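This report concerns only the one structure given below.
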Amino acid sequence: MLSADQTIPRRDLSVAFKTYKRQLSNYQRLQLANNYCKAAYLEVMSLAKEAGTWVRAKPRLGNLDDLVNEFRTPPLPGRKMEVSVATAVIPDVLASEIAEMMTLSSNLWSKLLFPLVKYVEGSNVVGSLQYLSYADVSIKAAVQMYAELQLPTTLVPTRYFEFLRYGKEIMDGIYIIVDVSSRYSDPFAKRNSERRPSGVIIREHGPEDCEIIWIENVEVDETRENLYSTIIGSNLAYGAHRWVTTLLWNLKRDKSSFSDLKIDVHPGAGSFLLALTQAMKRFFMECVSQHPDETALTVITSGEDPIRILHNKKLNEYISFVGVNSFRVQAKPLSVFQFLMKKDLQLEFRVFGDSETNEVDEEPELLFTFGTDDKSNIISLHKRVTKEGIVYGLQEASMDEYCSFILSKTLTEDTVNAHIVCGNKSIYEDSKSRMANITPSGFAIMPDGPGGLHCDASLVTFLVQLYYDPLGNPVDVEFVRKDFLSDLNSIIRELNEKVVGEKTNGIEIIHLTQGKASCI
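Take 1 as the starting number for the sequence shown in UniProt numbering and just add one per residue.
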């Protein structure tokens, strides 16, 4: 299996060998597809049983040992296996509904598991797989999936998967979703990671809830030494428990409600806020991706530079750049999160600040919050009156034990009136594009090891928008980099002094990049 940056060396052969390709009949292809699907189903059930879950027996499907052994082949040098199992009760969702969410719509599946799943494409199966889905009435859906998994940092390569997914009703009220790598049907599929038989087993749990077993079974490149090695090596970053936590968090987020209202809010404003802030997070994740969307973003720094600067090609009013960097802080993620919530708003409003009155340091007026009952996700609107007029700042602060985000952007008064006060639908609620161009700034925070929000250290990624007047002096990458470093140094200094409790001497900050200490 090739990694993303490997190629096959060419060889010159002086002798030509005649080769023969075995031709399979349509019936044989159907049987082969049937056997692979049954073997993948058997493997997922076996992994659930071996983990001590409520699966007590493996299905009797005949002799599939050869295919099951193929699924358990040790990875090649430079590759590794990550296998994990987690269980959970999903409140207020029936088993049949979860099964449909995961098979009938790739967009919905991506939404429920974002930001862990950064991007998804789904297409209908063809050929023998299509005939199999017609022949087996227990198969409720079958789809070919392409998925990108990304941590919120430029230091970890994106994981690309291609796999077959099918949903099957095992018996009344019990379902299974099975994923199996396209390697077994298409060795040339575009991927750098293999999804060996993985899936979700679902059963009813009372009249309104369901219970799931989540199985992750993937083959990936060995972890490169960098800031995120510990959390990836301990299977915390991509493990089954994180998938379940992300699913539960998104389901709760969809049930957010308003509080602390100081302005009129339309009943449909919640959909706008959820869609807009989701698009803000998608922009953040696209900026840290190994291969950002080239139609909107161009990376203008080298791959070896720990600072990433991107040119945003879709903004015409300004010359627009994005700066990104990840660093480590010796402080608990919860403490870092609480400090950066306030800092994030200060950064968002600073362009409208009045240095004579120190306006940027004053708390903006809170107009409402729109959040979950447990406060794990809070969207808030803030207002500040400046010399230029009224400025609004929208912030989403989302928190869980694996990955927390604090993102914000300014809104015009027209936008607030149209979509929040009057409830007009926006492009974000119907958009199926890979990335909406909405320019947020903010932070992503992950624990540097086990312990979740109370881990002893945090991994922080900082992203900020940098705007320049197109009629002003020429702007080059070093000029932008210097501006970004000024913000980055300031944030690291404040975190060290106000959260860690360590004084920083002078303006030189030492932080870790690519696993090594360097000065910025």
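Using N, Cα and C, we set each Cβ at its ideal position, and we do this for glycine too. Remember, it's a predicted structure, so these values are computed and weren't measured experimentally.
Alpha carbons only, please: which of the options is nearest the one belonging to residue i?
{"i": "V156", "options": "I212, Q346, N226", "result": "N226"}
{"i": "V385", "options": "D305, D414, H241, F349", "result": "F349"}
{"i": "P333", "options": "N63, F283, V499", "result": "V499"}
{"i": "P470", "options": "E478, L453, N316", "result": "N316"}
{"i": "S486", "options": "V464, G501, R29, L64", "result": "V464"}
{"i": "R195", "options": "E208, M280, S181, G206", "result": "S181"}
{"i": "L112", "options": "K252, N473, L273", "result": "K252"}
{"i": "E304", "options": "E97, E82, T154", "result": "T154"}
{"i": "V200", "options": "S106, L67, F258, I177", "result": "I177"}
{"i": "D400", "options": "E362, L347, Q338", "result": "Q338"}
{"i": "L367", "options": "V416, D374, G323", "result": "V416"}
{"i": "residue 521", "options": "N69, S106, P152", "result": "The chain is shown only over 1 to 520; residue 521 falls outside these bounds and no answer can be derived."}
{"i": "K281", "options": "L108, P77, T412, F114", "result": "F114"}
{"i": "R203", "options": "F443, I174, N312", "result": "I174"}
{"i": "T245", "options": "S426, D448, T87", "result": "T87"}
{"i": "F161", "options": "L149, D172, K168, G167", "result": "L149"}
From the DSSP output, in three-state form, read off residue i for me.
{"i": "A86", "result": "strand"}
{"i": "F405", "result": "strand"}
{"i": "E363", "result": "coil"}
{"i": "K383", "result": "strand"}
{"i": "F114", "result": "coil"}
{"i": "R79", "result": "strand"}
{"i": "H311", "result": "strand"}
{"i": "S46", "result": "helix"}
{"i": "K498", "result": "helix"}
{"i": "K190", "result": "coil"}
{"i": "Q465", "result": "strand"}
{"i": "E413", "result": "helix"}
{"i": "Y175", "result": "strand"}
{"i": "C210", "result": "strand"}
{"i": "S426", "result": "coil"}
{"i": "K168", "result": "strand"}
{"i": "S257", "result": "strand"}
{"i": "R195", "result": "strand"}
{"i": "A57", "result": "coil"}
{"i": "A457", "result": "coil"}
{"i": "residue 526", "result": "Lying outside 1 to 520, the shown extent of the chain, residue 526 is not represented and no answer is given."}
{"i": "N34", "result": "helix"}
{"i": "residue 521", "result": "Because the chain spans 1 through 520 in this model, residue 521 falls outside it and cannot be assessed."}
{"i": "Y371", "result": "Reading off the sequence shown, one finds Gly at residue 371, where the question assumed Tyr. Three-state result, G371: strand."}
Can you give me the start and stop residues for the beta strand (DSSP E) that residue i sits inside?
{"i": "R242", "result": "Counting along the chain, R242 falls outside any beta strand (DSSP E), though it belongs to the alpha helix (DSSP H) covering 240-253."}
{"i": "S486", "result": "No beta strand (DSSP E) holds S486; the alpha helix (DSSP H) holding it covers 477-495."}
{"i": "T230", "result": "Run containing T230: none in the beta strand (DSSP E); it sits in the alpha helix (DSSP H), 229-233."}
{"i": "V200", "result": "198-205"}
{"i": "S96", "result": "Premise fails: S96 lies in the alpha helix (DSSP H), 95-103, not in any beta strand (DSSP E)."}
{"i": "V299", "result": "297-299"}
{"i": "R183", "result": "Note, R183: premise wrong, no beta strand (DSSP E); not H, not E."}
{"i": "Q395", "result": "389-398"}
{"i": "S25", "result": "Run containing S25: none; DSSP gives neither H nor E here."}
Residue i lies in the alpha helix (DSSP H); which residues open and close that run?
{"i": "F272", "result": "269-288"}
{"i": "V336", "result": "333-349"}
{"i": "N417", "result": "Premise fails: N417 is in no alpha helix (DSSP H) and is neither H nor E."}
{"i": "D66", "result": "65-71"}
Please name the residue or residues paired with residue i in a DSSP beta bridge.
{"i": "Y146", "result": "E121, E162"}
{"i": "S320", "result": "N312, Y467"}
{"i": "R328", "result": "L459"}
{"i": "P447", "result": "S458"}
Is any beta-carbon of chain B found at less than 8 Å from that of residue i?
{"i": "K375", "result": "No chain B appears in the structure shown, which is made up of a single protein chain."}
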